[in-house]
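In the working numbering, the protein residues as written are 167 to 215.
Here's what the structure looks like:
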């Protein structure tokens with residue numbers, strides 16, 4: 167059995183990883199964690215687009 171990712175799954179992983187690196191900077195994540203809002207709307211909007 168092959169439990170590795172398929173080529174398509176690797177492309178999806180790499181694409182999402184790149185988006186997270188670009189959109190979810192550590193300082194933004196920390197600010198959101200310290201704020202009373204449950205999510206950063208700008209990050210959520212970017213991830214959903």
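Each residue gets a CB set at the ideal place from its N, CA and C atoms; glycine is no exception.
Residue i (DSSP reduced to helix, strand or coil)
i	result
residue 205	coil
residue 215	coil
residue 172	coil
Presumed contact (8 Å Cβ cut-off) between residue i and residue j, rounded CB distance
i	j	result
residue 189	residue 213	6 Å
residue 171	residue 179	7 Å
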